[in-house]
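Below you'll find the structure, written out as structure tokens, and then a few comments.
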Amino acid sequence: MSGKREKLSILQTLTVNNLKEICEKNKLKRYSGTKKELAKFMVDNLEISLEELKDICNIYRIDKLLGKIRDCRDHFLNKRVTIRCRDKNSPIVDVGGHRVMINNLGKEDFSYMCDDKCADYLYQVKRGSTPFCKHYAAAIAQLIYEKEVSPKDKINYIEGEVLEELLAVVNQRKKDEGEEITRRDIE
58 MSGKREKLSI LQTLTVNNLK EICEKNKLKR YSGTKKELAK FMVDNLEISL EELKDICNIY
118 RIDKLLGKIR DCRDHFLNKR VTIRCRDKNS PIVDVGGHRV MINNLGKEDF SYMCDDKCAD
178 YLYQVKRGST PFCKHYAAAI AQLIYEKEVS PKDKINYIEG EVLEELLAVV NQRKKDEGEE
238 ITRRDIE
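Numbering (my numbering), first residue to last: 58 to 244.
This is the structure in structure tokens:
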């Protein structure tokens with residue numbers, strides 16, 4: 058894949074607002090309003106190496122995933138998550154009226170589906186804007202909470218900062234339910 062085509066494919070994973078923000082930071086003006094034209098304009102006029110562009114896009118991607126983790130907090134902390142099927146290879150989890158079916162978690166042939174009522178899944182996940190919806194994140198949090206999945210295992214799409222944020226949500230629920238005892242230092 059040539060450098061321009063690779064840059065274009067990377068830029069097309071971002072939102073229009075992300076693209077405009079990158080343009081503003083790099084003092085690019087007179088850019089088009091449509092996402093496709095804006096991405097092409099940026100490839101032609103943005104003087105950033107491919108590696109720098111990957112780093113910038115990775116920051117936006119992580120921010121988007123952290124947002125999904127924050128969105129799952131309400132479902133998880135208010136106990137609106139129920140594991141329906143505890144099969145190791147394909148758990149089924151109900152999250153606030155949505156059904157999440159996970160296949161081969163942690164493996165190369167991993168896939169998951171959220172039901173057709175989930176707007177995130179229909180309009181963002183299926184189009185490739187984001188790898189998962191908030192219901193998937195809540196399902197994984199419940200699986201970790203009930204020790205069906207270990208945070209040390211490979212969890213598809215959830216690693217690094219995103220995993221840390223999810224574990225913070227799980228630990229918050231443990232504290233709320235009194236499972237985790239916080240220790241005080243008495244001097």
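C-beta: ideal position from N, C-alpha, C; glycine also.
Bear in mind that the values here come from a model prediction, so they are computed numbers and not experimental data.
Straight-line measurement puts the Cα of tyrosine 180 at about 20 Å from the Cα of asparagine 213.
If you ignore the 5 residues before and after aspartate 128, its C-beta comes within less than 7 Å of the C-beta of Lys191, all in its own chain and listed in chain order. Shown here, valine 206 sits in coil according to DSSP, grouped into three states, outside any helix or strand. Rounded to whole angstroms, the separation of the alpha carbons of cysteine 175 and lysine 93 is 26 Å. The shortest CA-to-CA distance from alanine 194 to any of Val152, Asn146 and Glu78 is the one to Val152. Between leucine 65 and lysine 97, the gap from beta carbon to beta carbon is short of 8 Å. With respect to the C-alpha of aspartate 101, the residue from Arg87, Tyr117 and Phe133 having the closest C-alpha is Arg87. For aspartate 101, no beta strand (DSSP E) segment is defined; the enclosing uninterrupted segment is the alpha helix (DSSP H) at 92 to 102.
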